[in-house]
Amino acid sequence: MTHWYESSIDRQLREATERGEFDNLPGQGKPLRGHGEDYEEDWWVKDWLEREGATAGVIPPTLALRRETEELEAKVDRLRSEREVRDYVDDLNERIHQATVGRMDGPPVILRKFNLDKVTEGWRARR
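Residue 1 is where the sequence shown starts when you use this note's numbering, and the numbers rise one by one after that.
Written out as structure tokens, the structure is:
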């Protein structure tokens, strides 16, 4: 004797199919977008940006932080004094810490803190 179990979700899907609620949907019969492409961890972010447009508004704080770290040199070069550079890098390192321990919204990011002395030396050398 075989027992058949249908979860409530399965039942709702079956009933909707029987009513024809899934007929003639856009994209019916077409492959899913991105099928067969290489997997990327942040696929959903890229998809969201593409869907909403690059100017869609605020990105999650952890991703904004990652972008900020990539632009560190350009940012510190706009600062006027060594004290400003040191304060900025201290603040950035604290935010990196907050992100790596999960106290910042957004997808997890792996970022290394910056060496304050090396950043300051680089700033001085470029001036």
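Glycine included, each C-beta is placed from N, C-alpha and C at the ideal position.
In its chain, beyond the 5 residues on either side, Val76, Asp77, Leu79, Glu82, Val85 have a beta carbon closer than 8 Å to the beta carbon of tryptophan 123.
Under the three-state reduction of DSSP output, glycine 34 falls in the coil class, being neither helix nor strand.
Under the three-state reduction of DSSP output, glutamine 28 falls in the coil class, being neither helix nor strand. When DSSP states are grouped into helix, strand and coil, valine 89 belongs to the helix group. Nearest to asparagine 93 by alpha-carbon distance, out of Asp105, Asp23, Arg112, is Arg112. Where glycine 122 is concerned, the enclosing alpha helix (DSSP H) starts and stops at 116-126. Distance between leucine 13 and phenylalanine 22, taken at the CA atoms: about 9 Å.
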